[in-house]
Amino acid sequence: MQVEALQNPEGFGTPLNEQFEPILGEISQTWTMGQLMQWIANGIECSADHILLWKVSQYNEKPTNNHLNEHELRVYSVKDLLGLTSPHKHDPRRQKRYRVYYTKMPISVSDLERRYKMRVQMMDEKMQITETTVFPEKTGTVQSILDEAQREFRFSANGTKLLRLVYVGQASHCLRAYHVFTNDTLASEIYTKIGNTSYAVSLPSHS
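In terms of numbering that gives the first Met the number 0, the sequence shown opens at residue 0 and continues consecutively.
Set out below in structure tokens:
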């Protein structure tokens, strides 16, 4: 069967840090998720365990909001991922090209269930703000969040390369800082604040 592997642009609600061309090829609907992940990884030259696969809607072939969990990665075939069961069975005579969606992760997908997913804003020395998603360990601290954010932060050539985590309120005309977290604050505390308020977390570099 013909397949097109595409990045999921809406995966975690933040912009893609890297963009890749679609991967085209022929695969089998009996392939395991491990085989599919390796095929995609070969196409973008990365490690297979950093490929996160998303479930696909049977009706519009777009990615859903759900990615495969650890159990599904072990037991699913391509047929299961694409929902190719009656009445949606694959018919070779149609010569249809199917779509699979993935995200290239900064961490191993096998670690994902042991980590938080946090959307954060990053502010550089020019006050430019970008959004990204970080994946600190659930047992970690603010330092874990900063370590993850450093992978994406664009430091200036003469900058300190130090980050701090600031609790801010968002309004249409400004960002107001409410609190600077110490690096030993638990990541679970930060995750609770992000999940239960309208505030965001910002990562400005130290001046």
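Cβ atoms here follow ideal geometry from the backbone N, Cα and C, with glycine treated the same way.
Beta-carbon proximity list for residue i, same chain, < 6 Å, skipping 5 on both sides
i: TYR75; result: MET32
i: ILE128; result: GLN120 and MET122
i: THR191; result: none
i: HIS178; result: TYR166
i: ASN41; result: none
Residues that DSSP places opposite residue i in a beta bridge
i: LEU5; result: TYR100
i: SER210; result: Missing from the structure shown is residue 210; the chain here goes from 0 to 206 and no further.
i: GLY168; result: ARG175
i: GLU136; result: ARG114
i: LEU185; result: THR140
Same chain, Cβ closer than 8 Å to residue i, five either side skipped, listed in chain order
i: GLU17; result: LYS103
i: ILE106; result: HIS49, ARG114 and PHE134
i: ALA176; result: VAL165, TYR166, VAL167 and SER201
i: GLU147; result: PRO105, VAL133, PHE134 and PRO135
Alpha-carbon spacing of residue i relative to residue j, whole angstroms
i: CYS45; j: MET36; result: 10 Å
i: LEU51; j: HIS66; result: 7 Å
i: GLN149; j: LEU162; result: 8 Å
i: LYS116; j: ILE39; result: 23 Å
i: PHE19; j: SER187; result: 33 Å
i: ILE268; j: VAL99; result: Nothing in the structure corresponds to residue 268, since the chain is present only between 0 and 206.
i: LEU5; j: GLU60; result: 11 Å
i: GLU136; j: GLU112; result: 9 Å
i: PRO62; j: GLU71; result: 16 Å
i: LEU23; j: ILE189; result: 41 Å
i: GLU130; j: ARG118; result: 7 Å
i: SER206; j: ASN182; result: Its pLDDT being 47, under 50, SER206 is placed unreliably by the model, and the measurement read from it follows with that caveat. Cα to Cα, the separation comes out at about 17 Å.
i: ILE193; j: GLY12; result: 14 Å
i: ASN64; j: MET126; result: 31 Å
i: THR138; j: GLN94; result: 48 Å
i: ALA47; j: ARG73; result: 14 Å
i: ILE43; j: ASN68; result: 22 Å
Test item: CB-CB of residue i and residue j under 8 Å
i: PHE152; j: TYR166; result: no
i: TYR97; j: ASN7; result: no
i: SER109; j: VAL77; result: no
i: LEU80; j: LYS54; result: yes
i: GLU25; j: GLN1; result: yes
i: PRO21; j: GLU3; result: yes
Residues near residue i in its chain [Cβ-Cβ closer than 7 Å; skip 5 each side]
i: THR208; result: Outside the displayed span of the chain (0 to 206) sits residue 208, for which this structure offers no information.
i: LYS160; result: PHE154
i: TRP30; result: SER76 and VAL77
CB contact below 8 Å: residue i versus chain E
i: ASN16; result: Looking for chain E here will not work: only one protein chain is present.
Original post:
What runs of the alpha helix (DSSP H), each 4 residues or longer, lie entirely inside the stretch 15-70?
Top reply: 32-43
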